[in-house]
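From first to last, the protein sequence lines stand for chains X and G. Residue numbering for the first sequence follows our numbering, beginning at 29 and increasing consecutively. Residue numbering for the second sequence follows our numbering, beginning at 3 and increasing consecutively. We treat Cβ as the ideally placed atom computed from N, Cα and C, and that holds for glycine. These figures come from a predicted structure and were not determined experimentally. Shown next, in C-alpha cells, is the structure this report addresses.
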Amino acid sequence: MRSLISRSLFTQTAAVTVMNIRSLPRRLWMSLAMVLASAVVVAILLAFLAMAKGFEATMSGAGSDAVALMMREGSQAELNSVISRDQVNLVEEAPGIARDAEGPLVSPELYVIVDGIKKSTGSKANIPLRGLDKRGMAMRGNMQLLEGRMFTPGTNEMIVGSGILREFDGFQLGNEIRFGKNVWTVVGVFSTGGNVFESELWADAKMIQSHYNRGSSYQTIRAQLENPGDLEPLTAYFDTESQLNLELKTEADYFAEQGKQLQYMAIFGRVISFIMALGALAGALNTMYTSVADRAKEIATLRTLGFSNFSAFCGTIAEALVLAIAGGLLGSLAAFVFFDGMNASTLGGSFTQVVFSFEMSPDLFVQGAVLALLIGFVSGFFPAWRAARMPVIVAFRNAA
Amino acid sequence: MNDLYLIYKNMTRKPLRLFLTCFAIFIAFLIFGAVTTLKSALDAGIDLAADNRLVVVNKINFTQPLPIAYAQKVAAVDGVENVTYANWFGGYYQEPRNQIVAMAVEPESWLQVYEREIVLSPERRAAWLGNRQGVIVGESLAQRLGWKIGDRVPVSSSIFSHKDGGHTWDFVVEGIFTGSDPQHDTNSMYLHFKYFMETQSFGGEWIGWITLTTADAAQNQRIADAIDDGFANSQAETDTSTEEAFSKAFIEQIGNIGLIIFGVVFMAFFTILILVGNTMALAVRERTGEIAVLKTLGFPAPRIFKMVLTESLLIALIGGLAGLGAAWLIIEGAKGTMAQFLPNLMLDSGIALQALLFMLLLGLITGLLPALNALRLNIVTAFNRG
C-alpha cells in the first residue's frame, strides 16, 4: 500500500514537473531573466576563484620541500634580504645539507629588479633578474631549456623564463637588452613547469654582483636538504653560530606564504558573489512568484483533480531548479571560455611581476553548481509554498 | 484623487514584488558604490599628484639607487625650483607583518616640496629639524599605532641593518602631521636621511630617488629631458617623469587584474539592472486593462504617461538611494581598518552623482517603453485583448 502511494506521489510530481517545464516558453522573458541572474552570479564567483587559484598554483608550484631557503631575519621577501659572503661560507659548513663530489649543495643567489615593457599596456613593470650558478639551477628540479643554451659564467649572457617571453616585449632569443649601462644577450629560454620562476631572468651571480655594486654579498641562500623537510640540524647549527641570524624555512613554505597574497581575491570574490546572489535571488523570487501566479488556475485545477499539495510544491521547486541550473551551466561555460587559461600578471610579494594563468579546476565548478542549486532552491521554495497552500477556491476566483 | 496617490497604489499593489524589485536595485547600487569607491581609492595617488613635481629614478628600475651627488646636479638644471631626495626604509613595527611606510628624507627640502601634503606647526617643525633622531608621523599612522609626540618608538627595517647590530632603530616622535586636503595620505613617517646614513651598516651615500618641483609645469618635459640627457652614459642613468606618470605606472603594475575585476563587477551591475528593468516593465504591461479604464474615465494620455514614468523612477530611486547609502555606511565603517592599505577610501560626490545618473537612466529606460505604450494605447483594442 505504502509503495503504491509513494509511486503515485512520484508520478504526480513527475507529471506536474513536466507540465511546468513545458509551459516555460509562455513565460519566456521571466524565465530567461532567472537563467541570466543565476548565470551571472556563478560566472562572477568562478572568475574570482579561478584568479586566486591560478596565482596560488603558480606560487606554491615553485617551492620544493627538499630545499631550505635562508634570508635575513625580518626581510619577508627575497628582494629585501642581504647576506654576506661570510654567512654563505658558514652555511656551507652546516650539517643536514646534501653534498656531492664538488661539495655542499648550496646556492647563494641575488635578486635584482629591472624594468621590462609589458605587452598588454606598453608600460614599464618590475621583473626580477636572479643571479645564480649551476648548483642553483639544479635545485629547480623541473627546470628545462626550451630554446638556445645555458649562459656562460663570467659573461653578460642571460636566459629568460617563458612567462617573461609571454607577457613582456623584447626578450626573444638572441636579443640584446640594455639595463642602465650594461648590455645583456639572451641566449636561452627556460621553463620551470608553469611556476613563478618562469617570471624571472637568470644570469651569472658574479656578473650581477659586479654590475650592481654588491661586492661579495648575496641576498638569499638555497640549500638542498639531506632529508626533505628536515630543518632540525640546520636550526640547531644556526643557534650555535651567532653570525647566522637568518630566517630559515623550506622553499615550499616560503612560496606557500607568498601564494596566499591573492587570497583576498578569493575572499573578495566570495563576498561580492554572495551579495550579488542576494540580488539575483530577489530577481529569481520575482520570477517564480509571477510564474506561480500565472499558473494559479492550473495548479488549482490539478488539485481539484486530486493531485496532492506536495506534487504542486515539488513541481514549482523543480521549475526553479531547472532554470537556476541552466543558468549555472551557462555561467560556468562563460567563465570557462573567457577566463580559463587567461594570462595575467600582477605585483607579487617581492615587488616584481608574477605571470600566472587563471585556473578553472573541477572543484571550482562544484562550488558554482552548489551556488546555482542554492539559488534555485530558495527562489523556488517560497513561491512553491504559496502555490501549494492557496485554497483552491481562492485560486479560481483570483484567476477568473 | 491626486496622481501621487494613484502612483502609490499602483506601486504597492504587490508589496512583495515591490520589495523584491527594490531589493535587487539596492544590491546593484550597493555594489556599484562600494566597488567604484575602491577603484577611485586605488587611482587616488594619480589624481593628487601635483603637476609641477617630477620624480627622478634610476633608469634600470626605481628600486635601484642613485648617487647622492645627483641631487645637486639636478638642482643646477634650468627651471628646477626645489629639489629633495629620499630613501625607502622598509619599516615595520615589532612584527614584520606590521609594515610602516617609512622614508629617510632630507628634512628641510622635503617639507618645502611637500608643503601641501605635510602640514606641521612651526614649533613641531623646528623640533624635528633640531633632533636627528626625531621623526614626523602622519596622523592616521600615529592613530593606528597609538603614538604621541615625545614617544620613543622602535622601528625596524626589512632591508637595512643598524651599525650596532640588529635591524631596529630608536626614534623620537617629534611631530604629527596632517594634510591640507582630507584625501592626502597621512599613513607614513619620515626620518632624517643623514642620521639614517650614519647609522646603517651598508655605508655609501646612496639615495632612492629625487623629487623636484619646476617653476612652470609647461616646462616639465624639457626639464625631464635635460636631466636624463645630463646623466646619459654615467654610472647610473636616470629616468625622469612627472609624479602623476610615476604613480600611474606603479598602479599599472598591479596589472590587468584590477581591470578584470572591475570589468566583471560592472558587467554584473548592468545585468542586475537589465533583470530588474525586465520585471518592472512587465509589471506595467500587466496593467494594460486598467490603463484603458483610466483612459475611458477621461484621464488624458500625457497624464498617464507621466504617472507610469514617475512610478518606475520612484522605484529606481528608492532602491538605488538606499543601496548607495548602505555603500556609504560600509565604506565609512571599513575606513579605519583599511587605512593601512587604501588611505583614500571615500565615497565622494562624483561617485554619488554617477550612481544617481544610473538610477535615473534605469527608471527612464524601464518606464519609457510601457509609458509610451500606455500613451498610445487604443482603448478598444485594450479591452478586446483583456
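DSSP-derived helix/strand/coil call for residue i
i               : result
K16 of chain G  : coil
A428 of chain X : Below a pLDDT of 50, predicted positions are generally treated as unreliable, and A428 of chain X, at 45, falls in that range; no measurement from the model is reported.
I125 of chain X : strand
F218 of chain X : strand
S51 of chain X  : coil
M316 of chain X : helix
S135 of chain X : strand
H186 of chain G : coil
Q252 of chain X : strand
E185 of chain X : strand
Y282 of chain X : helix
F405 of chain X : helix
I111 of chain X : strand
Y95 of chain G  : coil
S159 of chain G : strand
P156 of chain X : strand
L214 of chain G : strand
T180 of chain X : coil
T104 of chain X : The amino acid at residue 104 of chain X is misidentified as Thr; the sequence shows Gln. Three-state result, Q104 of chain X: coil.
G82 of chain X  : helix
CB-CB length for residue i against residue j, believed under 8 Å
i               : j               : result
F225 of chain X : G189 of chain X : 6 Å
D93 of chain X  : G287 of chain X : The Cβ separation is near 15 Å, so there is no contact.
A423 of chain X : A324 of chain X : 5 Å
F207 of chain X : M171 of chain X : Incorrect: roughly 23 Å between the Cβ atoms, too far for contact.
S88 of chain X  : R100 of chain X : Not really, about 23 Å apart at Cβ, beyond 8 Å.
M62 of chain X  : A312 of chain X : 5 Å
V70 of chain X  : G396 of chain X : 4 Å
A310 of chain X : L44 of chain G  : The Cβ separation is near 30 Å, so there is no contact.
T220 of chain X : R168 of chain X : 5 Å
L12 of chain G  : E313 of chain G : Residue 12 of chain G is actually Asn in this sequence, not Leu. Sure, about 6 Å apart at Cβ, within 8 Å.
V68 of chain G  : W208 of chain G : First, the amino acid is wrong: residue 68 of chain G is Leu here, not Val. About 7 Å; that satisfies the 8 Å criterion.
V85 of chain G  : A104 of chain G : Wrong, their Cβ atoms sit about 21 Å apart, outside the cutoff.
I274 of chain G : V79 of chain G  : The pair is not a contact, with the Cβ atoms about 54 Å apart (cut-off 8 Å).
Cα-Cα separation between residue i and residue j, rounded to whole angstroms
i               : j               : result
G279 of chain G : L56 of chain G  : 49 Å
V398 of chain X : F341 of chain X : 21 Å
T41 of chain X  : F272 of chain G : 37 Å
I212 of chain G : S159 of chain G : 21 Å
Q114 of chain G : E185 of chain X : 45 Å
S315 of chain G : I367 of chain G : It should be pointed out that residue 315 of chain G corresponds to Leu in this sequence rather than to Ser. Between L315 of chain G and I367 of chain G, the C-alpha separation is close to 9 Å.
L118 of chain X : D368 of chain X : 47 Å
E83 of chain G  : Q223 of chain G : 15 Å
G307 of chain X : I293 of chain G : 30 Å
V175 of chain G : A65 of chain X  : 55 Å
R298 of chain X : A30 of chain G  : 16 Å
G150 of chain X : V58 of chain G  : 20 Å
R118 of chain G : S190 of chain G : 15 Å
I125 of chain X : M269 of chain G : 54 Å
A285 of chain G : L358 of chain X : 27 Å
D197 of chain X : I155 of chain X : 12 Å
A329 of chain G : V215 of chain X : 54 Å
A78 of chain X  : I263 of chain G : 12 Å
A428 of chain X : L330 of chain X : Its pLDDT being 45, under 50, A428 of chain X is placed unreliably by the model, and nothing is read from it.
V310 of chain G : A384 of chain G : 17 Å
G365 of chain G : D350 of chain G : 23 Å
T86 of chain X  : D391 of chain X : 18 Å
S51 of chain X  : A280 of chain X : 57 Å
Proximity test, Cβ basis, 8 Å: residue i and chain B
i               : result
R289 of chain G : Of the protein chains in the structure, X and G, none is chain B.
Strand pairing of residue i, partner residues [DSSP]
i               : result
D350 of chain G : None, per the DSSP bridge assignment.
H194 of chain G : G:V107
M98 of chain X  : X:I249 and X:L276
D241 of chain G : G:V59
L375 of chain X : X:Q381
I178 of chain G : G:V139
I209 of chain G : G:L68
H164 of chain G : G:Q202
Y87 of chain G  : G:I212
A231 of chain X : X:G159 and X:M186
E204 of chain X : X:T213
Residue i: CB within 7 Å of a non-hydrogen atom of the ligand SAM
i               : result
L214 of chain G : Among the components of this structure there are no ligands whatsoever, and the ligand SAM is therefore not found.
Problem set entry | Inside the segment 278 to 310 of chain G only - alpha helix (DSSP H) runs reaching at least 4 residues | The alpha helix (DSSP H) runs lying completely inside the segment 278 to 310 of chain G and spanning 4 residues or more are 290 to 298, given in chain order.
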